[in-house]
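Below is one structure; the comments refer to it alone.
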Amino acid sequence: MEFPTLRILDQNFETATNSEAYPAITRELKRTNLLDPVRSGQKVVITAGSRGVDSMAAVLRGLTEAIKAKGANPVILPAMGSHGGGTAAGQVTVLEHLGICSETVGAAIHDQLKPVKIAEVEGLPVFADQAALEADHIIIVNRIKEHTEFIGQIESGLIKMAVVGLGRIAGAEIMHQLAVRISYARAIQTIAHALFANLKILGGVAILEDKTNRFRRVEAVSQQDIFAREPELLEESRQYHAMLPFTQLDVLLVDEIGKEISGAGFDTKVIGRIRNIYEKECEQPRITRIVLRNLSEKTGGNAIGIGLADFVHQQVVDKMDPAMTALNSITAVAPEKGMVPITLPSDRRALEAALQSIGPWDTDTVRLAWIINTAELNHIAVSPALAREAGIKGLSVSGSSFELPFDANGVLAGLRAILGKS
């Protein structure tokens, strides 16, 4: 089969000019009174989630140093639901893969998992980890961004981190169960109000990133202001949510998915596929076929999101941890995201299958794009039809056309490697 040639499209995302997270959190803590209630000898629990937030270790280090300067004892709580297999050891390992350990953040990592029922909402239990219950203070740290599964005033941020992070796997299960009944957005807020009423939450530290996933700024938010301030921060973050520059594609080739990239493996709003029973599908983009090449190293075998693809390379299935993927998919009430698509022995065969299943096409008009993952969209390889459309839109398309670089076994080099050579 003859494939279309490709060129590199550059979305020219602006990057933040003040990209140093450690001095930024240090300045922010001095500017605000977030830590004023902290006293010598007290235990302060700080959340750390499973997403690949570039600045997280630096922000945590700035926090722990400020807390220790007051004579208090900071402890990092692995704040995630079913990631890491839903086990204490697995979640500590997840943090280590993200560069978060006692050496990098200057505080002990809590290595136990003991969810305790602390309240009840809508006839369902509300859980918090024993470490959070025993803390003198809790500080929630998270990136503010659009959620992959729903649209609301509060999506992915401090409040969701309280629900899933402090509740651990039990909290995640209840949140998703309640979401089926009353919607994701309402479930998060309902459970969060119960948590805030029963735990000593001091406040939060909100991280905002630019379109290249680099640190842009940080803001400390007091406990009493979180519910009012987070929707404003979310609106600010929306303008920095990178998307594909096209609303319709015939084929999207994706190098990797992973939990550190998005909770659903893919950013579902980038690919226009949500596939769960409690939220409606995206109107766009409309992508006829998605081909997935690999899992990221940091996802540790968790292949949630594999079911959002139409065709996958055999190496995706080989690297997949079926038990971990099933646990995450079932906990999220989204078994669709863990279903294994048609699996083929090479990238060439997977792309051939995708092109064979889109209807009539030719190399000049087929709308094919190739991305690293849904969080890295600054540089995209595009077919001639998309290159022409990009030019009309005023986007930059650089370099000469190139053939898909299959090796003798039909396997592609990753787009990162190609960009490094160009």
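FYI, the numbering for the sequence shown is 59 to 480, going by this note's numbering.
Note that beta-carbon positions come from the ideal geometry of N, C-alpha and C, so glycine has one too.
query: Residues in its own chain within less than 6 Å of S214 by CB, not counting five upstream and five downstream?
result: The residue given as residue 214 occupies position 156 in the sequence shown. Correct list, in chain order: K203 and H205.
task = Go ahead and label T122 buried or exposed: buried means 16 or more other beta carbons lie within 10 angstroms of its beta carbon, across all protein chains shown.
result = Indexing the sequence shown from 1 puts residue 122 at position 64. Flag for T122 reads buried.
- Task: Helix, strand or coil for A186, going by three-state DSSP, please let me know.
- Result: Taking the sequence shown and counting its residues from 1, the one referred to as residue 186 is at position 128. A186: strand per DSSP, three-state reduction.
Are A127 and V184 touching if we call contact CB-CB under 8 Å? Indexing the sequence shown from 1 puts residue 127 at position 69. Indexing the sequence shown from 1 puts residue 184 at position 126. Contact: no.
Point to revise | In DSSP terms, what E178 is bridged to | key: Locating residue 178 in the sequence shown gives position 120, counting from the first residue. Per DSSP, P183.
With a CB to CB cut of under 6 Å and the five nearest residues on each side skipped, what residues in its chain are close to S354?
Start at 1 with the first residue of the sequence shown, and residue 354 comes out as number 296. Answer for S354: E314 and G316, listed in chain order.
Item checked: Proximity winner among H299, G452, M382 and Y242, relative to G210 (alpha-carbon distances) -> Taking the sequence shown and counting its residues from 1, one reaches residue 210 at position 152. Looking at the Cα atoms, Y242 is the closest of the given residues.
* Asked: Quick one: Cα of I332 to Cα of G129, how far?
  -> As a position in the sequence shown, residue 332 is number 274, starting the count at 1. As a position in the sequence shown, residue 129 is number 71, starting the count at 1. Computed Cα separation, rounded: 46 Å.
Considering N386, what are the terminal residues of the alpha helix (DSSP H) in which it resides?
For the purposes of this step, residue 386 is taken as the residue at position 328 of the sequence shown. It spans P380 to T389 - the alpha helix (DSSP H) in which N386 sits, taken as one unbroken run.
- Task: Can you grab the Cα-Cα spacing for the pair L118 / A443, in whole Å?
- Result: Indexing the sequence shown from 1 puts residue 118 at position 60. Indexing the sequence shown from 1 puts residue 443 at position 385. The straight-line gap from Cα to Cα measures roughly 45 Å.
- Item | Neighbourhood of S295 by C-beta, 6 Å cutoff - its chain only, sequence neighbours within 5 removed | Your numbering for residue 295 matches position 237 in the sequence shown. Only I202, K203 and L266 meet the Cβ criterion.
Specify, as a first and last residue, the run of the beta strand (DSSP E) that G210 falls within. Locating residue 210 in the sequence shown gives position 152, counting from the first residue. Run containing G210: none; DSSP gives neither H nor E here.
With a cut-off of 8 Å, do at least 3 Cβ pairs link the region 91-108 to the region 298-315?
no
message = Could you compute how far the alpha carbon of G363 sits from the alpha carbon of E394?
response = As a working mapping, residue 363 is identified with position 305 in the sequence shown. As a working mapping, residue 394 is identified with position 336 in the sequence shown. Rounded to whole angstroms, G363 to E394 spans 8 Å at the Cα level.
Does S160 come out as helix, strand or coil in the three-state DSSP assignment? To locate residue 160, count along the sequence shown from 1; it is residue 102. Of the three classes helix, strand and coil, the one that applies to S160 here is helix, per DSSP.
Since E277 contacts A264 with CB under 8 Å, what's their CB separation in whole angstroms? The residue labelled residue 277 in the question sits at position 219 within the sequence shown. The residue labelled residue 264 in the question sits at position 206 within the sequence shown. Indeed, because the Cβ distance is near 5 Å, the residues count as touching under 8 Å.
- Message: Suppose only complete runs of 4+ residues qualify. What are the alpha helix (DSSP H) ranges in the region 277-307, listed by chain order?
- Response: 284-296
- Given a threshold of 16 other Cβ atoms within 10 Å of its Cβ, counted over all protein chains shown, does T73 qualify as buried or as exposed? In the sequence shown, the residue the question calls residue 73 occupies position 15. Label assigned to T73: exposed.
query: So, K258 versus I196, is the Cβ gap smaller than 8 Å?
result: On the sequence shown, position 200 is the one that residue 258 refers to. On the sequence shown, position 138 is the one that residue 196 refers to. Yes, these two residues count as a Cβ contact at 8 Å.
For Q170 and L311, the rounded distance between their alpha carbons
If you number the sequence shown from 1, residue 311 lands on position 253. If you number the sequence shown from 1, residue 170 lands on position 112. C-alpha separation (whole angstroms): 40 Å.
Determine, using beta carbons only, whether I348 and A322 come nearer to each other than 8 Å.
Within the sequence shown, residue 348 is the residue found at index 290, counting from 1. Within the sequence shown, residue 322 is the residue found at index 264, counting from 1. Against a cut-off of 8 Å, the Cβ pair of A322 and I348 comes out as no contact.
Whether or not the region 440-460 and the region 334-341 are in contact is what I'm after, with contact meaning three or more pairs of Cβ atoms, one per stretch, closer than 8 Å; do they touch? no
- Item | Option in P62, L216, I66 and L426 with minimal Cα separation from A106 | Counted from its first residue, the sequence shown places residue 106 at position 48. For the residues P62, L216, I66 and L426, the minimum Cα distance to A106 belongs to L216.
Inspect the beta-carbon positions of L473 and A439 and report whether they are closer than 8 Å. Looking up residue 473 in the sequence shown gives position 415. Looking up residue 439 in the sequence shown gives position 381. The answer is yes: Cβ separation under 8 Å.
Open item on the list: Using DSSP's beta-bridge definition, name the partner residues of S320.
Closed with: Reading the sequence shown from its first residue, position 262 is the one you call residue 320. Answer is none; S320 lacks a bridge partner.
Where E217 falls: helix, strand or coil (DSSP)
As a first step, residue 217 is located in the sequence shown; it is residue number 159 there, counting from the start. In the sequence under discussion, the amino acid at residue 217 is Ile, which differs from the Glu named in the question. Of the three classes helix, strand and coil, the one that applies to I217 here is helix, per DSSP.
Just curious, the beta strand (DSSP E) that L67 is in, first and last residue? Here residue 67 is taken as the residue at index 9 of the sequence shown, counted from 1. Where L67 is concerned, the enclosing beta strand (DSSP E) stretches over L64 to D68.
(request) Measure the beta-carbon distance from V179 to I249 and round it to whole angstroms, keeping in mind my assumption that it falls under 8 Å. (result) Here residue 179 corresponds to residue number 121 of the sequence shown, with the count starting at 1. Here residue 249 corresponds to residue number 191 of the sequence shown, with the count starting at 1. Right, the Cβ-Cβ distance comes to about 6 Å (below 8 Å), so this counts as a contact.
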